[in-house]
Amino acid sequence: MSSSDDDHGGDDDQLNQLRSVWVSMRESDEDPPDRGLDALMAAARTKAATMAPPPSESFWTKVLAVFRRPPVLALASVTVLLGGALFIANRRDSMQREETVSERREQGASPAGSSAVVADPEPPALPAPESAPPPPALAPPAETPRPPRAITKRPPREEKELDFQTKGGGGPPAVTEAGAPGGIEEPAKIAPASATRGPIAKPADAAASSDSFGETLSLDDEAETKAARPAKQPQVTQLVKQCESAAARNDCAAVRVLAKKIQSTDAEAHKRLASNAAVARCLN
Amino acid sequence: MFKETADEDLMVMYQKGEVRAFEVLLSRHRKPVYNFILRFVGDKETAEDLLQEAFMRVIKGAEAYKRQAKFTTWLYTIARNLCVDQTRRRKHRKHASLDAPMDSSEESGTLLDVLPGNEMASDRKSVNKQLHETMQKAIAALSDEQREVFLMREFLDMPFKQIADVVGVPENTVKSRMRYALEKLRLELDEYKELAKAAP
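Going down the list, the protein sequences come from chains A and B.
Residue numbers for the first sequence follow this note's numbering, beginning at -18 and rising by one.
Residue numbers for the second sequence follow this note's numbering, beginning at 103 and rising by one.
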């Protein structure tokens, strides 16, 4: 390199002689002492440790780190709130639907049952807590319509139960709520009886399942109770109108029948009806 | 393991935490940098301190090192700056220069005047030693700008372009400084011309 084209100082002999001197000087370069070498390497190691990339994290650690970030947390909060709102809205819709269904049932039941009984209003069916005491047993199955298979299978089982009680001798056997002794009969055979006699466990389920006889009964009671009040007034008015028209036609037999019905339903309406001359003539 | 690896690659490896790469760099450049500093400042103890400081700065600045930069340019820039700072401090402390009188008496000559003459060289070895010392004194007598360019060019075989990068001046300025440095050395060592001829 010293003899390259861009070198300066010329190529005269004197300079070449001098160059040979410092080239020989290069050969006698000194080695630096080792003093401070350890400190240097220690500093280099410390720096290397800080510069080294962190060990690669596992997939789940990365995912967890992502979930810990504020935007993700905010998104999760919004999702939970929206989900809760949707859930509540759906629940309200289903409750309204239940009410609508029961109202329809009432409307459907009111014209047919002419002798609807006015009952005290009951609170709407709410899901009862599990710790709450079970409602009292329903009326005997003989008075209410029930599925035919429950009726057909009932007598032989009762006989069996009686046989068992007499033969066992050691006190009454453990009878389940459904009335079957434990371990004697298959649960499938007991099922209809349990549905009939057992208490209504969850009123919320009652509206949904009409298969169970007891539940159906409770629904019908409610329907009758709710239907009686609003249906009473239009029915009496209708009967009064029919009665008056029958009196106008001189159909006194019909007038008497209708008046009897009106009297049994609404005494005030019957008094007003009796003030009608045509009606009074028929009744008298 | 890293013997064939380029300085720049070793530096990148060190950035990734490979201490062995830095060890190789240190073993590769410690000696030339030390001798460059020694010839620049002319004092072994100071040279040792500056060498230590130069590599400490390499360690501290390793994170900021870019692969595109030539490692030796960066290293010698650090070393050169340390040397320049050191000589400036020494000038402020009014250390004795080679051209300055050794003491206050008018009879005393310069350092160059008391250098051993050619008549004292009895054999080749002593001639070489004498020449080296004379050359060292002559180099020390150069200005800082000329000396650094001369040392990098003649002792480290650096191209002018790289010297310009290290010193931070245009390439032509570097060439000009080199020319003046050689001229001055020639004049300083003119009386040793015959001795140089005798040297191997």
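Backbone N, C-alpha and C define an ideal beta-carbon position, used for all residues, glycine too.
The contact set of L67 (chain A) on chain B, defined by CB atoms closer than 9 Å, is empty, because the minimum CB distance reaches about 51 Å. With respect to the 8 Å criterion, L128 (chain B) and D109 (chain B) are not classified as neighbours on the basis of their beta carbons. Considering only beta carbons, the part of the segment 13 to 24 of chain A lying closer than 9 Å to chain B consists of P13, P14, R16, G17, L18, A20, L21, M22 and A24, in chain order.
In this structure, DSSP gives G270 (chain B) a state outside helix and strand, which the three-state scheme calls coil. CA-to-CA, the gap between R86 (chain A) and E79 (chain A) works out to about 11 Å.
In this structure, the beta-carbon distance from R182 (chain B) to L153 (chain B) does not fall below 8 Å.
Chain A has a Cβ within less than 8 Å of the Cβ of G119 (chain B).
Sequence-ordered contacts of the segment 264 to 276 of chain B with chain A are nonexistent [C-beta pairs closer than 7 Å]. In the structure shown, the three-state DSSP call for P261 (chain B) is coil.
Straight through space, the alpha carbons of L63 (chain A) and M115 (chain B) are spaced by roughly 52 Å. Against chain B, the beta carbon of P34 (chain A) has neighbours under 9 Å at K118 and G119, listed in chain order. Excluding the 5 residues flanking it on each side, V47 (chain A) has same chain C-beta neighbours closer than 7 Å at V53, in chain order.
Taking every protein chain shown into account, the CB of R169 (chain B) has fewer than 16 other CB atoms within 10 angstroms, so this residue is exposed. F124 (chain B) counts as buried, since no fewer than 16 other beta carbons sit within 10 angstroms of its beta carbon. The way I'd put it, the segment 155 to 167 of chain B doesn't touch the segment 240 to 252 of chain B; fewer than three beta-carbon pairs between them come closer than 8 Å. Classified as exposed, K241 (chain A) has fewer than 16 neighbouring CB atoms from the shown chains inside 10 Å of its CB. Counting only Cβ-Cβ distances below 7 Å, N183 (chain B) has no contacts in chain A at all, with the closest Cβ about 19 Å away. Close to I161 (chain B), with beta-carbon spacing below 8 Å, are these residues of chain A in chain order: L21, A24, A25 and K28. The CB of H234 (chain B) comes closer than 9 Å to the CB of V2, W3, S5, M6 and S9 in chain A, given here in chain order. Your pair I265 (chain B) and R255 (chain B) checks out as a contact, with CB atoms roughly 6 Å apart and the cut at 8 Å. By the 16-neighbour rule on beta-carbons within 10 angstroms, H194 (chain B) is exposed.
Cα atoms of P215 (chain A) and L56 (chain A): separation of roughly 56 Å, rounded to the nearest angstrom. The Cβ atoms of L(-1) (chain A) and L253 (chain B) do not sit closer than 8 Å to each other. In the structure shown, R169 (chain B) falls within a coil segment according to DSSP collapsed to helix, strand and coil. In the three-state reduction of the DSSP assignment, K118 (chain B) falls in the coil class, being assigned neither a helical nor a strand state. Sequence-distant Cβ neighbours of Q238 (chain B) in its own chain, meaning closer than 8 Å and more than five residues away, are R141 and G144. When the beta-carbon positions are compared, E150 (chain B) and P13 (chain A) come within less than 8 Å of each other. Membership of N(-3) (chain A) in the alpha helix (DSSP H) is indicated by the continuous run D(-6) to E8. Here the C-alpha atom of Q223 (chain A) lies approximately 43 Å from the C-alpha atom of R73 (chain A). Per the C-alpha coordinates, the member of B:L112, B:L244 and B:R279 positioned closest to Y167 (chain B) is B:L112.
Scanning chain B for C-beta atoms nearer than 9 Å to the C-beta of L(-4) (chain A) yields L284, L287 and R288, reported in chain order. Separation of L233 (chain B) and T27 (chain A) (C-alpha to C-alpha, rounded to the nearest whole angstrom) is 45 Å. Around A250 (chain A), the same chain offers V217, V221 and I243 as residues with beta carbons nearer than 7 Å, after the five sequence neighbours per side are excluded. A Cβ-Cβ contact shorter than 8 Å links L244 (chain B) with A283 (chain B). With 16 or more other CB atoms across the displayed protein chains lying within 10 angstroms of its CB, L177 (chain B) is buried. The straight-line gap separating the alpha-carbon atoms of S75 (chain A) and G89 (chain A) is approximately 21 Å.
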